[in-house]
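In the numbering used here, the protein residues as written are 2 to 189. C-beta atoms are modelled at their ideal positions from N, C-alpha and C, and glycine is treated no differently.
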C-alpha cells in the first residue's frame, strides 16, 4: 500500500511540475542598507524606562521569486552606540502586487533569530538571543530585467529578556526603513 501511495504521489507531483511555468522564476541576490529604531525596556521593582536606539544596518539576502511571490534568506548587522553588536538571521516570504510594468508593491511576513549584546552604563553587558517575527511592505522599482531597486519597511518583534538582580532588560523590537539593490538571474 505504501509503495502504491508513494508512486501515486510521484506521478501527481510530476504532473503538477509541468503546469508550473519555470521560465517566470528568478533567483535573487540582494544587498540592503537601512536605518532603524530599536528599544531596550529596563524594569525594576519601582521604575520602568524605555531607551531608544537608532542603528544603521547592512545586510545580504538570497532567494527566489515567481510571478506573485518572493522568498529570501537574509543576514543583517546593525551598528549602534550602546551595543557591541545586533545581528539577525532569518527569512522573508512576500506576496507581490504587480500593478505596473515598472514596479510592484509587496507585503510579507518575516521570522528568524536576533542576537544582541547591550552595554548599559550601570551594569555589566547583557546578551540576548531570541526568535523574532514580523511584517514587511514596500515597492520594487524595475531598473531593467535583471535589477530591481527596493524600498521597504520592516517590523520585527523580539521581546527577549535578560534578568540582572532585580532589573529586567527587554530587547523589544526593531522598526526599519531600508533600500535594497536586487539582482535577478535565471539558473539552468
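Taking DSSP's pairing of strands, which residues face residue i in a bridge?
i           : result
residue 147 : Residue 147 is not bridged to any residue.
residue 53  : 40
residue 66  : 27 and 71
residue 135 : 111 and 157
residue 165 : 168
residue 184 : 30 and 148
residue 117 : 87 and 129
residue 81  : Looking at the DSSP assignment, residue 81 forms no beta bridge with any residue, so it has no partner.
residue 76  : 61 and 90
Using the rule of at least 16 other Cβ atoms within 10 Å of the residue's Cβ for burial, across every protein chain shown, is residue i buried or exposed?
i           : result
residue 172 : buried
residue 163 : buried
residue 37  : buried
residue 80  : exposed
residue 2   : Note on residue 2: pLDDT 49, under 50, position unreliable in the model; the coordinate value appears next. So residue 2 counts as exposed.
residue 145 : exposed
residue 89  : buried
residue 49  : exposed
Cα-Cα, which of the options is closest to residue i?
i           : options               : result
residue 70  : 162, 117 and 106      : 106
residue 92  : 160, 99, 51 and 63    : 63
residue 53  : 61, 100, 165 and 121  : 121
residue 46  : 180, 167, 109 and 186 : 167
residue 177 : 188, 153, 165 and 61  : 153
residue 30  : 56, 50, 103 and 66    : 66
residue 98  : 186, 49, 109 and 50   : 109
residue 84  : 142, 57 and 103       : 57
residue 134 : 140, 127, 141 and 161 : 161
Report yes if the C-beta distance between residue i and residue j is below 8 Å; otherwise report no.
i           : j           : result
residue 129 : residue 117 : yes
residue 114 : residue 125 : no
residue 77  : residue 111 : no
residue 184 : residue 147 : yes
residue 182 : residue 32  : yes
residue 170 : residue 96  : no
residue 1   : residue 68  : No information on residue 1 is available, as it lies outside the stretch 2 to 189 that the chain covers here.
residue 180 : residue 60  : no
residue 165 : residue 27  : no
residue 103 : residue 143 : yes
Between residue i and chain D, is there a C-beta pair that is closer than 8 Å?
i           : result
residue 162 : In the structure shown, chain D does not exist; there is a single protein chain.
Exercise. Given 8 Å as the limit, is there contact between the region 40–47 and the region 72–80, that is, 3 or more CB pairs closer than that?
Worked result: Output reads no: the region 72–80 does not touch the region 40–47.
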